Amino acid sequence: MKNRIVNKILRIILLTLVGAAVIGTFYFLWKKAQPVVTVYEIVAPQRDTVETKTVATGNVEPRYEVEIKPQISGIIAEIKKEAGQMVKAGEIIATIKVIPEMVQLNSAESRVNVAEISLAQVRETYKRDERLFEQGVISREDFDLSKANYLKAVEERDNSISELEIIRDGIAKNSNVSSTTQIRSTITGMILDIPVKVGNSVIQANNFNDGTTIATVADMNDMIFKGNVDETEIGRIHEGMPIKLTVGAMESRVFDATLEYVSPKGVEKNGAIQFEIKAAVTIPEDAFIRAGYSANAEIVLKRAENVLTVPESTIEFHGDSAFVRWVKQETPEQLFERRPVKVGLSDGIKIEILEGLTLDDKIRGAAIDADK
427 MKNRIVNKIL RIILLTLVGA AVIGTFYFLW KKAQPVVTVY EIVAPQRDTV
477 ETKTVATGNV EPRYEVEIKP QISGIIAEIK KEAGQMVKAG EIIATIKVIP
527 EMVQLNSAES RVNVAEISLA QVRETYKRDE RLFEQGVISR EDFDLSKANY
577 LKAVEERDNS ISELEIIRDG IAKNSNVSST TQIRSTITGM ILDIPVKVGN
627 SVIQANNFND GTTIATVADM NDMIFKGNVD ETEIGRIHEG MPIKLTVGAM
677 ESRVFDATLE YVSPKGVEKN GAIQFEIKAA VTIPEDAFIR AGYSANAEIV
727 LKRAENVLTV PESTIEFHGD SAFVRWVKQE TPEQLFERRP VKVGLSDGIK
777 IEILEGLTLD DKIRGAAIDA DK
């Protein structure tokens, strides 16, 4: 009796589970067969500014950077300035001790001795002719010729002495110019680098050598940006265009600049043709840009201000035509109508609408994920 009751209970439970499974299956299939209703975001056109830009990478450097070189060979005796200091045009940066070549020094000393001997001889002749002229023995013409020979001998003696002093000391005592042993700045600016030290040998610039650089001086108030632009963008930029310059080393501070040079010739770099550009940088008084800072130049190619815009993702393109899904009904069910529009400038995120929409219209945006 007990077993019969237990079996009956188990059979009821089993039938109940089977019935529930069948009902659940039918409900799942019915639910799945129902059409999925996709809900979309509703987007309204807005007034905004659209810009197309290109970015050039490069660095900021002084427009005028001058290498100071010696006018005479020798050894650095003293350095009066350091890198980073300001210097005025004509101010002494370093001094050089002249180390003359023995052959040149010996030759110069010999010329002085020969000039002294010649002068002594001509002087005696001149004094004798002077007495004879006073006595009326020789003519005025002969006396003038003797005097001219004496003056020439004096000049040759003085020139030989000056040459000796230049070879030995770097400058003649009777010279009115500054000593060539004093290396002076040729411009007013900041010393960027002094690559030599006291005791270093330096040589002057000549036809066979550029000479030793004593210092590099630049005007840090006149800075330019040098960068490169890809050939695909170079046709859309021109001199005079405004640039926003971002210097990463200065906490990404932005400076205004004006494009003033576009290279007429491209150079291949990493498989692409690059064109050099230069832009004059406007530096505020509270900013100090060091030479060589890397920077990015943002060039605005086209700009449309206060125009009607929508997200570019809402536009459907078919060939040369563009369409939007205009909101015909929002509730209780979303209904949309395909409407053609005329588009203008795009920055990749938003796009300008020239015709087809107004501020009062609404269009279909992205689908809303029901799982979120």
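Yeah, the sequence shown ends on 798 if you go by this note's numbering, and it's all consecutive. The beta-carbon is built from N, C-alpha and C at its ideal position, and this holds for glycine as well. Predicted model only: the values in this text are computed from it and were never measured.
The three-state secondary structure of Ile-501, taken from DSSP, is strand. The three-state secondary structure of Lys-507, taken from DSSP, is coil.
Per DSSP, reduced to three states, the secondary structure at Thr-684 is strand. Annotation for Glu-659: no beta strand (DSSP E) segment contains it, though the alpha helix (DSSP H) segment containing it runs 657 to 660. Of the candidates Gln-547, Val-538 and Phe-569, Val-538 places its Cα closest to the Cα of Ser-588. In the three-state DSSP reduction, Thr-475 falls in the strand class (E or B). Around the beta carbon of Arg-473, a 10 Å sphere encloses fewer than 16 other beta carbons of the protein chains shown; the residue is thus reported as exposed. In the DSSP annotation of this structure, the continuous segment of the beta strand (DSSP E) that includes Pro-668 starts and ends at 668 to 673. Under DSSP, the beta-bridge partners assigned to Pro-737 are Lys-776. By a beta-carbon distance limit of 8 Å, Leu-685 contacts Ile-669. Their separation comes to about 6 Å.
Ile-779 is the residue among Ile-775, Thr-757 and Ile-779 whose C-alpha sits nearest the C-alpha of Arg-765. Minimum Cα-Cα distance from Thr-638 among the listed residues Lys-788, Gly-500 and Lys-434 corresponds to Gly-500. The beta carbon of Glu-535 sits closer than 7 Å to the beta carbons of Leu-590 from its chain, once the five residues preceding and following it are set aside; these are given in chain order. Its Cα nearest to that of Glu-582, the residue Ser-544 stands out among Val-486, Ser-544 and Leu-727.
Rounded to the nearest whole angstrom, the CA to CA distance from Gln-561 to Arg-554 is 11 Å. For the set Lys-514, Leu-785, Met-512 and Ile-498, the Cα lying nearest the Cα of Thr-521 is the one of Ile-498. Thr-708 sits in coil when the DSSP states are folded into three classes, being neither helix nor strand.
In this structure, the beta-carbon distance from Asn-654 to Glu-694 does not fall below 8 Å. In the displayed model, Ala-446 falls within a helix according to three-state DSSP. Two segments are said to touch when three or more pairs of C-beta atoms, one from each, lie closer than 8 Å; by this definition the region 508 to 524 touches the region 604 to 618. Per DSSP, Ser-747 is one residue of the beta strand (DSSP E) stretching across 747 to 755. Under the Cβ criterion (8 Å, minimum of three pairs), the region 728 to 735 does not count as touching the region 481 to 489. Taking the Cβ atoms as the reference, Thr-740 lies roughly 5 Å from Ile-789, within the contact range of under 8 Å. When only Cα atoms are considered, Arg-679 and Val-673 end up about 6 Å apart. Rounded to the nearest whole angstrom, the CA to CA distance from Thr-478 to Asp-656 is 15 Å.
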